[in-house]
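**Q**
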Amino acid sequence: MDPEVVYALLKPRVLALVLTALFPISTTVIFLTGIYVCGRFVLRFARLVLQLTVWPGTNLTKYGAGKGAWAVVTGASNGIGREFALQLAQKGFNIALVSRTASKLDAVAKEISALPNVKVLTLTHAIDFSTASDAEWKSLTDKLVPLDIGILINNAGTVHKTAYFADIGPDMATSIVNVNAAAVVRLTSIVLPGMITRKRGLVLSTGSLAGGAMPMPLSATYAATKAFLVTWSQSLGVELAKTKSGVDVAVINAGFVAPGMHNENPEWFFTPNAGRFARSVLASVGLPGGAVGRKFIWNPYWSHALLEFFIRSFGLTDTAVEWAYRSQVKDLRKSTKAQ
C-alpha cells in the first residue's frame, strides 16, 4: 500500500470514520458467531440428554432375540461380561461364554440356567487370548461358525497395574495388545461372514475413555489398544453400512466400572456397578453417537457421557491428561510403599 495512503488512514478523523463504518459489521459478525457457537453447544447437550433419558435404543429382536440366535460374549466370567451374558439371556439369546477360566464360565452358565422364566442354551469355551495358538483358535472357530450368531460382544480385556511403560516389559505389553486388539480383530473375522450372510448382526466392542477419548499415561499400551478399537470400529462400521450388510458396529467409550479388572474400583457417582452399566449399553443400542456425536461410538452411561462431553466441548483434554498423570503417579507411589 502507498505510504501516503497509510498516513492518510492514520489521521484521527479518517481513522474514526473507518472504525465507525466497520464497527457495526464486526459487532454483527461477533454476535452471529456467538449465537452459532452457543446454539451448537445447546443442541449437542440437548441431544445428549435425550439419548440418556428419552430416546429408546434398537429393539434387540433385530438381531434375533427370542428367535434362536446366539450372543457371543468374551470376558464373560465376571464383571461387565458376566452381566452382558445374564441380561442378553433374559432378552432371549442363547449365550456362548468365552473367557480364560473354564470353572468360572461354568459358574456363569449355571447362573443363566437358574434365571427364572429364561429358557436358553449356553455353551462355554475357555481360551487365553494372550497366548492362544492357531490350534486353540481353530477349536473356538469350529464351535462358533455353525451358530446363528446375532451379537458379538468383544469384552475381554486386560491391563497392567499402574506403571511406566519402560517398566512393564515386552511380555506384558504384547499380552495387552493380543487380548485387547488382536483377539478382537481375529474373533470378529470369524463371526462376521455369517452375520453378513444372514443380513443381521451387531459387533460391539468394549472400549474406554482411556484411549478412546484421551491418552492415559502409565497405562500407555492399554490406552493405545482402546484407541485402536475406536478407529477400527468406525472404519468397519462405514464398510458394513455402505454395503448394506445389515450388520451394525459400535465401540463403547466406558469409564470406570465397579469392580475393575483388578477389583480396585469402588462404586460411586462416576463408577456404576457392572449390572447398571451393561443395562445402559443394551438400552442404547443404535443411538447416534453418544456424548460427542461421533458415528459408531457409544457412551451410554450418563456420568461417563457427561464427563466426555465437557472434556471435549471445552477443550479440556490436556487438563484431563495432566490430572490422570498425577493420579496415576499417586497410585504408583502408594503401591510401591505397600510393597
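Plus 3 on top of the position in the sequence shown (first one is 1) and you've got our numbering. In this text, a Cβ means the ideal position worked out from N, Cα and C, and glycines have one as well. The model shown is predicted, which means the values in this text are computed figures rather than measured ones.
Assign Y167 to buried or exposed, taking buried as 16 or more other Cβ atoms, counted over all protein chains shown, within 10 Å of its Cβ.
**A** The residue labelled residue 167 in the question sits at position 164 within the sequence shown. Exposed.
**Q** Enumerate in chain order the residues of its own chain whose CB-to-CB distance from A327 is below 7 Å, with the five nearest sequence positions on each side excluded.
**A** The sequence position of residue 327 within the sequence shown is 324, counting from 1. The answer, listed in chain order, is M219 and P220.
**Q** List the endpoints of the continuous beta strand (DSSP E) containing V121.
**A** Locating residue 121 in the sequence shown gives position 118, counting from the first residue. Note, V121: premise wrong, no beta strand (DSSP E); not H, not E.
**Q** Quick check on the DSSP output: the beta strand (DSSP E) that includes V252 runs from which residue to which?
**A** For the purposes of this step, residue 252 is taken as the residue at position 249 of the sequence shown. Residues V250 to I255.
**Q** DSSP three-state label for H128, please.
**A** Your numbering for residue 128 matches position 125 in the sequence shown. Strand at H128.
**Q** Would the C-beta of T234 count as close to the ligand NAP, meaning under 7 Å from any of its heavy atoms?
**A** The model on display carries no ligand, and the ligand NAP is accordingly not part of it.
**Q** Look at the alpha carbon of V148 and the alpha carbon of A230, and state the distance between them as a whole number of angstroms.
**A** On the sequence shown, position 145 is the one that residue 148 refers to. On the sequence shown, position 227 is the one that residue 230 refers to. Straight-line Cα distance between these residues: approximately 28 Å.
**Q** Would you kindly work out how many angstroms separate the C-alpha atoms of T30 and F44, rounded to a whole number?
**A** Position 27 of the sequence shown, counted from the first residue, corresponds to residue 30. Position 41 of the sequence shown, counted from the first residue, corresponds to residue 44. Roughly 21 Å between the two C-alpha positions.
**Q** Whose CA, out of S283, K94 and V288, lies closest to the CA of G71?
**A** Counted from its first residue, the sequence shown places residue 71 at position 68. For the residues S283, K94 and V288, the minimum Cα distance to G71 belongs to K94.
**Q** So, helix, strand or coil for F155, using DSSP?
**A** Stepping through the sequence shown from its first residue, residue 155 is reached at position 152. The sequence shown places Leu at residue 155, not Phe. In the structure shown, L155 sits in a strand (DSSP, three-state: E or B).
**Q** How is W58 classed by DSSP in three states: helix, strand or coil?
**A** Residue mapping note: residue 58 aligns to position 55 of the sequence shown, counting from 1. In this structure, W58 counts as coil in the three-state DSSP scheme.
**Q** Using DSSP bridges, identify the partner residues of L319.
**A** For the purposes of this step, residue 319 is taken as the residue at position 316 of the sequence shown. Answer by DSSP bridge pairing: none, since L319 is not bridged.
**Q** Less than 7 Å between C-beta atoms, sequence neighbours within five positions excluded: which residues of the same chain meet that for I83?
**A** For this step, residue 83 is matched to residue 80 along the sequence shown. So the list reads N158, T209, V260, A277, F280 and A281, once near-sequence residues are dropped.
**Q** Is it true that the CB of H163 sits closer than 8 Å to the CB of I152?
**A** As a first step, residue 152 is located in the sequence shown; it is residue number 149 there, counting from the start. As a first step, residue 163 is located in the sequence shown; it is residue number 160 there, counting from the start. Contact flag unset, no.
**Q** With distances taken between CB atoms, is the gap from V332 to M217 smaller than 8 Å?
**A** Counting from one through the sequence shown, the residue named residue 332 turns up at place 329. Counting from one through the sequence shown, the residue named residue 217 turns up at place 214. Contact flag unset, no.
**Q** Looking only at its own chain, which residues have a Cβ that is under 7 Å from the Cβ of A112, when we skip the five neighbours before and after it?
**A** In the sequence shown, counting from the first residue as 1, residue 112 sits at position 109. Contacts found: L100, T125 and T127.
**Q** Whole angstroms are fine: how far does the CA of L51 sit from the CA of G42?
**A** Residue 42 sits at position 39 when you count from the first residue of the sequence shown. Residue 51 sits at position 48 when you count from the first residue of the sequence shown. Cα-Cα distance, rounded: 14 Å.
**Q** One question on the structure: do A343 and L319 come within less than 8 Å of each other, judged by their Cβ atoms?
**A** This structure gives no information on residue 343, because the portion of the chain shown stretches from 4 to 342.
**Q** On a CA-only basis, which of P275, D174, A176 and L143 is nearest H307? Give me that one, please.
**A** Numbered from 1 along the sequence shown, position 304 holds the residue referred to as residue 307. That would be P275, whose Cα lies nearest to the Cα of H307.
**Q** Take V194 and list the residues in its own chain whose beta-carbon comes closer than 7 Å to its own, dropping the five residues that flank it on each side.
**A** By one-based count along the sequence shown, residue 194 stands at place 191. Here the set comprises V75, L147, I152 and L155.
**Q** Just how far apart, CA to CA, sit A185 and T36?
**A** Residue numbering aside, residue 185 sits at position 182 when the sequence shown is read from its first letter. Residue numbering aside, residue 36 sits at position 33 when the sequence shown is read from its first letter. Cα-Cα distance, rounded: 45 Å.
**Q** Give me, in chain order, the residues of the same chain whose beta-carbon lies closer than 7 Å to that of T56; leave out the 5 immediate sequence neighbours on both sides.
**A** Position 53 of the sequence shown holds residue 56. Contacts found: none.
**Q** Could you confirm whether any beta carbon from chain B is found closer than 8 Å to the beta carbon of I255?
**A** Reference to chain B is not applicable here, since this structure consists of a single protein chain.
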